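For reference, the structure is listed below as structure tokens.
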Amino acid sequence: MAGHRIFTTSFGSIYPHYVAKAERKGHTKAEVDQVITWLTGYDTAAIERVVADGTDMETFFAEAPAIHHNASLITGVICGIRVEEIEDPLMQRIRQLDKLVDEVAKGKKMTSILRGSA
């Protein structure tokens, strides 16, 4: 997957789609931020900063303060592909985030989404 165009797409251009997906299903931006924080270690202010400054997805994940140690527990299918079987580490992180946002939109309990973490 080296050189996939999603890698150079700005996080700020994708983030509003994550929020809109959750809001369409009756959930909030705060819930989206919570799963992003859990996965990456970015706090709300840092998320707003990377959205504003045009940080691309590759940099977003490369500079993530702390990828959660339970990220490997994120499994399932996103875009027809099993998340746990994706070989490219960056693409896997992107799809893990997609999966978490999908779970928020579907109304799963936050403790389940965060793989047992509070």
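Under this note's numbering, think of the first position of the sequence shown as 9, with each following residue one higher.
We put the beta carbon where it would ideally sit given N, CA and C, even for glycine.
Treat the numbers as computed from the prediction; the structure is a model and nothing was measured.
Only counting runs of 4 or more residues, tell me where the alpha helix (DSSP H) segments fall wholly within the segment 43-113, in order along the chain. 52-61, 65-70 and 97-113
Classify His76 as buried or exposed, calling it buried when 16 or more other Cβ atoms lie within 10 Å of its own Cβ. Looking up residue 76 in the sequence shown gives position 68. Buried: at least 16 other Cβ atoms inside 10 Å.
Just confirm the distance between the C-beta atoms of Ala70 and Gly49, as a whole number of angstroms; I'd bet it's less than 8 angstroms. As a position in the sequence shown, residue 70 is number 62, starting the count at 1. As a position in the sequence shown, residue 49 is number 41, starting the count at 1. Actually they are not in contact, since the Cβ atoms of Ala70 and Gly49 sit about 13 angstroms apart, beyond 8 angstroms.
So, using beta-carbon positions, are Ile86 and Arg103 closer together than 8 angstroms? Residue mapping note: residue 86 aligns to position 78 of the sequence shown, counting from 1. Residue mapping note: residue 103 aligns to position 95 of the sequence shown, counting from 1. Cβ distance < 8 angstroms, so Ile86 and Arg103 count as in contact.
Neighbour-count burial assignment, Ile89, 16 or more Cβ in a 10 Å radius: Position 81 of the sequence shown, counting from 1, holds the residue named residue 89. So Ile89 counts as exposed.
I'd like to check one pair, Gly84 with Lys116: are the Cβ atoms closer than 8 angstroms? Taking the first residue of the sequence shown as position 1, residue 116 is located at position 108. Taking the first residue of the sequence shown as position 1, residue 84 is located at position 76. Result no, Cβ atoms of Lys116 and Gly84 do not sit closer than 8 angstroms.
Ignore the nearest five residues each way along the sequence and tell me which others in Glu111's own chain have a CB closer than 7 angstroms to its CB. Counting from 1 along the sequence shown, the entry for residue 111 is found at position 103. Closer than 7 angstroms at the Cβ level, and outside the excluded window around Glu111, lie Ile121.
Could you pull out every residue in the same chain whose Cβ sits closer than 6 angstroms to the Cβ of Asn78, ignoring the five residues on either side in sequence? Here the question's residue 78 lines up with position 70 in the sequence shown. If we look at Asn78 and ignore the five residues flanking it on each side, its Cβ neighbours are Arg123.
Taking 8 angstroms as the limit between beta carbons, can you name the residues of its chain near Val109, skipping five residues before and five after? Residue mapping note: residue 109 aligns to position 101 of the sequence shown, counting from 1. Cβ neighbours of Val109 beyond the five flanking positions: Tyr26, Lys29, Ala30, Val40 and Val43.
Buried or exposed by the 16-neighbour rule on C-beta atoms within 10 Å, applied to Arg101: Looking up residue 101 in the sequence shown gives position 93. Per the 10 Å Cβ criterion, buried.
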